[in-house]
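Enquirer:
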Amino acid sequence: MTALISTTATSSKGLQHYLNTFNWEDLWHLITSRFLTLLFLTVLFFFVNLVGKAILKRSFKRYLDPKQGSNNRLQTISMLSMNIFHYTILFFWLYAMLSTLGVPVGTLIAGAGIFSLALGLGAQGFVSDLVTGVSILMEQQIDVGETVKIGTIEGVVTAIGLRTTQVTSADGTINFIPNRNITIVSNRSRNNMRATVNIPIAPTTPVEQLRPIIEQVNQELLPKHPGVIGTPLPTGVVTLPTGELVYQVSLVCESGTQFSLQAIFLTAYLKAIRQAGIKLPAHTPTQV
């Protein structure tokens, strides 16, 4: 018991001596200097990031002037350059912060062993996203501003990043698609598109009277809508998969105009046919 008390007293005296001789001033100086260094590095990299992005925006601004017409290719390259610059600045900021705190980043990266392997396996997805994104850009599969269908998602490409591609649907939904999941891309902005106008008819409808009416409507509408390429082609009577009977007209349109022109021509056809005294079924089939 006496030995235990003696040992406790000795430890207490040792701790007290250590606290009395400890250089608190140096500790406070170290903490303050590290904090100020971290703060300085954060402000510095924030400023570099701000200035760098401003320079990039200014570099692309003259080529992305809306008055001169948008260039989808340049928009894509501009956004991708912004992403690469942002991630580069973020990497060097983290490296500088860890180095300032005394963490041997280089040694850890070189000798992490199992950790490096696990990190590498976890980064496979990121690398796959990056490689696929670069391939999409190099092969010019899609550009910002184009209308596409990727899998089950349809809409306008609003951004192409290092990891994801953003597609905005017609209802405003923004879809973030990992680049590695992009396997089949249907680009609807590169070629002229075909719009099919289905005019509902009944078995008793005098179809021989429809073609002159349709041709008359075409003559009136074509000068007003340069988006239509060539002359609309009346296909004739067709039975849809749903069993509905329709008189079909095909339009070749500039990309992006097919849906509005389809609605305009269908409305004009229906109005002219009814004005001619021809009765049509009340149900309007789905347009394709």
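Just so it is clear: in the sequence shown, position 229 is 229 by the UniProt record's numbering, and no numbers are missing.
Note that CB positions come from ideal geometry on N, CA and C, so glycine has one too.
Can you find the residues in the same chain that come closer than 8 Å, C-beta to C-beta, to residue 203, ignoring five residues on each side of it along the sequence?
Expert: The answer, listed in chain order, is 245.
Enquirer: Please return the same chain residues whose Cβ sits closer than 6 Å to the Cβ of residue 211, not counting the five positions on each side in sequence.
Expert: For residue 211, where only same-chain residues beyond five positions count, the Cβ hits under 6 Å are 234.
Enquirer: What residue does the alpha helix (DSSP H) around residue 218 start on, and which one ends it?
Expert: Its alpha helix (DSSP H) spans residues 210-221.
Enquirer: Quick one: measure Cβ to Cβ for residue 166 and residue 276, integer angstroms, because I've assumed they're closer than 8 Å.
Expert: Not really, about 48 Å apart at Cβ, beyond 8 Å.
Enquirer: Is residue 187 near residue 146, with beta carbons less than 8 Å apart?
Expert: Cβ atoms of residue 187 and residue 146: closer than 8 Å.
Enquirer: Alpha carbon to alpha carbon, what distance is there between residue 151 and residue 183?
Expert: Straight-line Cα distance between these residues: approximately 8 Å.
Enquirer: I'd like the span of the alpha helix (DSSP H) that includes residue 289, first residue to last.
Expert: The structure shown does not extend to residue 289, since the chain is modelled only from 1 through 288, so no value can be given for it.
Enquirer: Identify the residues that DSSP records as bridge partners of residue 198: which are they?
Expert: In the DSSP output, where bridge partners are listed per residue, residue 198 has 248.
Enquirer: Please look up how many angstroms separate the CB atoms of residue 217 and residue 263, rounded, as I've assumed it's under 8 Å.
Expert: Their Cβ separation, rounded to whole angstroms, is 14 Å, which puts residue 217 and residue 263 out of contact at 8 Å.
Enquirer: Does residue 250 pass the burial test, meaning 16 or more other C-beta atoms within 10 Å, or should it be called exposed?
Expert: That one is exposed.
Enquirer: Residue 189 by DSSP, collapsed to three states: which one?
Expert: It is coil, neither helix nor strand.
Enquirer: My output table needs one value for residue 159: the three-state DSSP class, helix, strand or coil.
Expert: Strand.
Enquirer: Using the beta-carbon count (16 or more within 10 Å), is residue 265 buried or exposed?
Expert: The residue is buried, with at least 16 neighbouring Cβ atoms inside 10 Å.
Enquirer: For residue 142, does the count of other Cβ atoms within 10 angstroms reach 16, so buried, or fall short, so exposed?
Expert: Label assigned to residue 142: buried.
Enquirer: What is the C-beta distance between residue 179 and residue 132, in whole angstroms, given that I count them as a contact (C-beta under 8 Å)?
Expert: The Cβ separation is near 4 Å, so the contact holds.
Enquirer: So the candidates are 144, 139, 252; which of them puts its Cα closest to the Cα of residue 226?
Expert: It is 252 whose Cα lies nearest to the Cα of residue 226.
Enquirer: So what does DSSP say about residue 144, is it helix, strand or coil?
Expert: Residue 144: coil per DSSP, three-state reduction.
Enquirer: Taking the alpha-carbon of residue 206 as reference, which of 148, 219, 281, 60 has the nearest alpha-carbon?
Expert: That would be 281, whose Cα lies nearest to the Cα of residue 206.
Enquirer: For residue 164, which of helix, strand or coil comes out of DSSP?
Expert: In this structure, residue 164 counts as strand in the three-state DSSP scheme.
Enquirer: How is the beta strand (DSSP E) around residue 178 delimited, first residue to last?
Expert: Residue 178 -> beta strand (DSSP E) spans 174-178.
Enquirer: Should residue 199 and residue 247 be called a contact, given that it needs their Cβ atoms to be closer than 8 Å?
Expert: Yes, Cβ-Cβ distance for residue 199 and residue 247 is below 8 Å.
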